Every structure is written in C-alpha cells, then in structure tokens.
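Numbered according to my numbering, the sequence shown terminates at residue 295, and the numbering increases by one at each position without gaps.
Below is one structure, written out as structure tokens, with a few remarks after it.
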Amino acid sequence: MSEELELVASENQRLLKEVRQLRARVKALESSRWWRLHPRFALRRLWPFRGATRDEPPRTEPKPPQVTDLTERFQAEVMARGTFSHDWFTGNIASWELVLQLLEGRPSNILELGSFEGLSASFLLWRLPEARVTCVDTFAGSPEHLALHVDRSQLEDTFDRNVALVDAARVRKIAGKSADCLLKLRHSGERFDFIYVDASHLALDVIVDAALAWPLLVPGGVLVFDDYGWRSPLGEDPLLLPGPAVDAFLGLVGRHCEVVAKGAQAIVRKTTPRSAAETLADPAHETGSSQR
Ligand SMILES: C[S@@+](CC[C@H](N)C(=O)[O-])C[C@H]1O[C@@H](n2cnc3c(N)ncnc32)[C@H](O)[C@@H]1O
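The following block contains the structure:
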C-alpha cells in the first residue's frame, strides 16, 4: 500500500513540474513579439471589446506589457498635459499596434477623418515621430454628440492646443466635410499609408468616406474604421451605424484587402496594386496625364 502511495506522490510531483514548465512557456510566449503579431492572439485581445458603446470604456483584459506600457506612457506624456474631455481612443492602442509597427521609422503619410479634440491624432504624432498627419473635421461635432451632451463649443481650439503638445508642425488641419475634402485630396493626387475613418457615423456617410478614401490608399496601406461594433444612442436602424456600411464596403473591396481585425474597429490592409477599376475612375486617366 505504501509503495502505491509513493507512486501516486511521485506521479503528482511529475505532473506539477510539467504544469509549472507549461505555465512558464505560456508566459514567455505572451511577452514575445509573436503574442502581439499573431492574428489569433490579436483577435482574442480584440474580442472582449465588441459591442462597447462610445461612453462606456471598453472592457479590458490584461494587455501584453508592451501595449500597457505604451498606453501608460502616452497617457502620462500627452493626455495628462492636454484637454481631452472624452477618451474614445486609447482602448484601440493594442489593435493599432498590429499595423503601426509597419510604419515605424519612415515618413509615412496619414489621413484622419474625424479628429474631435485631437486625441487619436496626438497618438499618431507621438507614436510615429516621422509621420505627417492630415486631420479633417468640421469641428461642429456629430449627431450622436448631441444625444451624449458633448460640449463642442471649443472643439477646434482644443484640437489645436492638444496636437501642439506633440508636434503641430507635422499636422495639416483641414476644416470641412470629409467627403468634400476627400474629393479635393484625390484631385491633388495625394496618397496615404494609413487612413482612419472616424468622422460621421451615419452608414451612408461612412460608405461615402470609405469609397472616396480607398483610391487614396497606397497598396499595402491600412484603412481603419472606428466603431465597427458600436451601438448608436440614436437607434438600431442600420442607417445610423458604421458597421453595416463597413460590411457593405468590404463586400466590394474584399478581394483587394486582408482583414487584420474586426472588433470594436475594423482594420484592413490593401493587398493588391491599383485595381483596373481604380485606374478607370482616376481623374488623371480621363485627362490622359498620370499623377504617379
Ligand atoms: C468620434 S469624433 C472623432 C474622435 C477622434 N478620432 C478621436 O479618437 O479622438 C468624430 C468627429 O467627426 C467630426 N465629423 C462628423 N461628421 C463629419 C463630417 N461629415 N466631416 C468631417 N468631420 C465630421 C465631428 O466634428 C467629430 O469631431
């Protein structure tokens, strides 16, 4: 009998040792680059954010140390010194890391549709010190801001002050409606490496912004839609939500991009060179001249 007990005890010891070794391997894996980059782990980190509403901060699970560190440094170095009445952004830093690493160390050209008080723009300027950021906003606020009682009276001044905390010289501010500005940018032949669509959240506006932004994106460039999984305080009608517009748009460009993440935000990367449809639709094509 005592021999049997000894056997069980030693088997227990062996199993405990194996569990400890496995835990150590999981810990090592989670603190590695792989943890941040592998789409399966990225999706696992994004999944709990689904369905968050704008004023509820997304539920978080422990983030990899690198992202927690990045968020805390941004909060201390920029947010704590600025005037940011709402944080609709920092919950996205983990998923943005999947793509911003591609832009590190080069003078990338970034377009943001919808800047509000400049929180996401300040992050881009801070995270990518060589990037230039074009910020488009009416600075009049959005319809859902009325429902959420967001003060929009000083929006443009607040934006100016906040981005100046990082580097106003790398910001081009364009005050106006996103669709008008996108058409002008297209006619001037501009191209961007990263486009953030976060202006009007009404479905038809989102699909117009997406359609006009797509030809401005370089092959390999990244398009991010905010609030893909958002529930609007204005109602359940699909016309009030970005999600159905993003799905409809991805139904069209799906074969020309890869979906990097779909959660609170949708992040896609343009994979193909300029499509025949884009060439045909290019104003330069009509005039016979080429802007590239
Ligand atoms: C959700 S906020 C942007 C938040 C910002 N990206 C951030 O994370 O800090 C949306 C912004 O889009 C602007 N906006 C709404 N409709 C617009 C439109 N059609 N064209 C340009 N800007 C618009 C609003 O004025 C508002 O500042």
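Using N, Cα and C, we set each Cβ at its ideal position, and we do this for glycine too.
Bear in mind that the values here come from a model prediction, so they are computed numbers and not experimental data.
Same chain only: Cβ atoms within 6 Å of residue i, ignoring 5 sequence neighbours per side
| i | result |
| --- | --- |
| T137 | L114 and R175 |
| S181 | L116, V139, A202 and D212 |
| I177 | V139 and C184 |
| N15 | none |
| Q24 | none |
Of the residues the options, the one placed nearest residue i, counting alpha carbons only
| i | options | result |
| --- | --- | --- |
| A284 | P110, D90 and G192 | G192 |
| D1 | A83, A206, L103 and G121 | No information on residue 1 is available, as it lies outside the stretch 4 to 295 that the chain covers here. |
| S123 | A178, R109 and V169 | V169 |
| D230 | A264, H259 and R26 | A264 |
| P247 | I210, H89, N15 and T141 | I210 |
| R164 | F119, Y199 and D183 | F119 |
| H190 | A287, V102 and N112 | A287 |
| P132 | R173, F162 and A167 | R173 |
Cβ neighbour criterion (16 or more within 10 Å) applied to residue i
| i | result |
| --- | --- |
| G224 | buried |
| A279 | exposed |
| Q157 | exposed |
| L188 | buried |
| R130 | buried |
| D196 | buried |
| S13 | exposed |
| A269 | buried |
| A143 | exposed |
Neighbourhood of residue i by C-beta, 8 Å cutoff - its chain only, sequence neighbours within 5 removed
| i | result |
| --- | --- |
| I96 | V70, L73, T74, F77 and F126 |
Cut-off 7 Å between Cβ atoms - residues of its own chain near residue i, not counting five sequence neighbours on either side
| i | result |
| --- | --- |
| L242 | L205, A206 and L207 |
| L1 | Past the boundaries of the shown model lies residue 1; the chain is included only from 4 to 295, so the question cannot be answered. |
| H259 | K273, T274, T275 and S278 |
| R155 | A143, G144 and H148 |
| H89 | V153 |
Opening and closing residue of the beta strand (DSSP E) in which residue i lies
| i | result |
| --- | --- |
| G224 | L220 to F228 |
| F195 | F195 to V200 |
| R130 | Looking at the DSSP string, R130 is not in any beta strand (DSSP E); the run it does join, the alpha helix (DSSP H), is L122 to R130. |
| V81 | Unbroken run through V81: none, as it is neither H nor E. |
Unbroken alpha helix (DSSP H) run spanning residue i, endpoints
| i | result |
| --- | --- |
| K180 | Element bounds for K180: n/a, residue is neither H nor E. |
| N165 | L158 to A167 |
| V153 | Segment: none, V153 is in no alpha helix (DSSP H) and carries neither H nor E. |
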